[in-house]
Amino acid sequence: MEFSYLNSTQIHFGKNQIGSITQDIPREQKVLVIYGGGSIKKNGVYQQVRAALTEHTWVEFSGVEANPTVETLDKAVAIVKAQNIQFILAVGGGSVIDGSKYVAAAAMYSGEGWDILLGTHTVSEALPLGAVLTLPATGSESNAGSVITKAATKQKLSFSSVLVQPKFAVMDPDVMKSLPEQQLINGIVDAWVHVCEQYITRPTEALVQDGYAETLLKSLITIANQYNDRDNDSWRANLMWTANQALNGLIGLGVPQDWATHMIGHELTALHGVDHGRSLAIIQPALLRNQLEVKRSKLEQMGRNVFGLGNSADLAEKTIIKIEHFYCSLNVATTLTEYQGEKKQVIQTILDQLETHGRLALGENQTINLERSREILELAVA
Ligand code: NZQ
Ligand code: ZN
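The sequence shown lines up with residues 0 to 381 when you count with numbering that gives the first Met the number 0.
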């Protein structure tokens, strides 16, 4: 275990916390408020943000789509440059927050912003940003990651920089009341897989990381079990906080991490428009079966400590079935059915994209090459 750790995001959690942005954004800085397709205007979040910024000078940029595109975000970059913006406030889910991170970095760079995603430019400067979270799922509100799509080439790539980590995150569970069910479920699944990516690897002696990961998984099972009673404050608060903790860096400190499910899942989203969370439920069971031998020990630990299963020779296999039940209980598909054309061709196109993106050695052991990815996709594509 070796790591340096700082999570610098100030979190304001609970009801009526949106007002706290008044203090958190320096009054003299000109603000760009970035949001998505307009849900914040229907649920009152926009009005609360406007009230909190009465004394600030601010302009807005709307229309950031789910799986935000560089094509859209570059328009916001142009506004930042032209209007001398000094602070960015992201109001939305992971897409708006990720998009705002890109804008914060690209606005301080004279070249093509996409270079940041290609890795040909390393972020060395970024505008400060804050987040008002409206959808618990990605953890983007208090981490350094961002995932951006180039629509023209159907590429979905990510970058990470502490310089774009939000200065603050407002997490008011009340904002979840207007979430469509599909998005709520996406969030549960995404948070679940975030924990798994940092936990179902190989045995470690990291008691805190393992133990906390198991607590988060058990919380998500409880949240899923209570899904029918979801219209209450504690359910919302628990989901919002669990999703945040799943990807705020803590459980991944100094331990091996996988992320292959995410890398392959991103291609499904880019090529077939599958929601991010759902892409993960499609890939993960197939990937776990493909990687069963290297992951056996951790799957057994999960079976015992998370699902309460007894010891048996097939404990790891039973754990994977339990994971599938978790998705089924939320009505989330575990295979890709929504595609056109031949299965063989669909798989080949995904593999070609993985190759283009250099995703040739995925997983905690970097052993998921294109052949393993093909095997995984054979199981995952119906
Ligand atoms: O566009 P608006 O109006 O905001 O509507 C959104 C959008 O249509 C809607 N929504 C959000 N909050 C709402 C609401 N509707 C009603 N009431 C509310 N309170 O929900 C839809 C989906 O929003 P989106 O932001 O796309 O969802 P999510 O938070 O799941 O973000 C997904 C994106 O995050 C990336 C994904 O790849 C995907 O692009 N990820 C980011 C990560 C990170 N930064 O660490 C890690 C993740 O693994 C993930 O890859
Ligand atoms: Zn995710």
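We put the CB at the ideal spot given by N, CA and C, even for glycine.
Note that the coordinates shown come from a computational prediction; the quantities given were computed from them, not determined experimentally.
The ligand NZQ has a heavy atom closer than 7 Å to the beta-carbon of G36.
Taking the Cα of V58 as reference, the smallest distance to any Cα among I78, Q46, V44 is reached at I78. Per DSSP, the continuous beta strand (DSSP E) segment holding L88 begins and ends at 86–91. Residue side-chain check: H271 keeps its Cβ at 7 Å or more from all non-hydrogen atoms of the ligand NZQ.
Following the DSSP letters along the chain, one finds E59 inside the beta strand (DSSP E) bounded by residues 57–60. A straight line joining the alpha-carbon of A315 with that of I263 spans about 22 Å. With 16 or more other Cβ atoms from the protein chains shown falling within 10 Å of its own Cβ, T268 counts as buried. I39 has its Cβ nearer than 7 Å to a heavy atom of the ligand NZQ. Sequence-distant Cβ neighbours of I375 in its own chain, meaning closer than 7 Å and more than five residues away, are I263, I282, A285, L286, N289. Cβ neighbours of S296 within its own chain (closer than 6 Å, five residues either side excluded): P202.
Secondary structure of V305 (DSSP, three-state): coil. A Cβ-Cβ contact shorter than 8 Å links V32 with V90.
Restricting attention to beta strand (DSSP E) runs no shorter than 3 residues, the region 121–171 encloses them at 128–132, 144–149, 154–159, 167–170, ordered along the chain. Taking C-beta atoms as the reference points, I367 and A259 count as a pair closer than 8 Å. For V79, the uninterrupted alpha helix (DSSP H) segment begins and ends at 69–82. A distance criterion of 7 Å places the beta-carbon of T137 in contact range of the ligand ZN, judged by its closest non-hydrogen atom. By the criterion of a C-beta distance shorter than 7 Å, F306 is surrounded in its chain by T318, K321, once the five residues flanking it on both sides are discounted.
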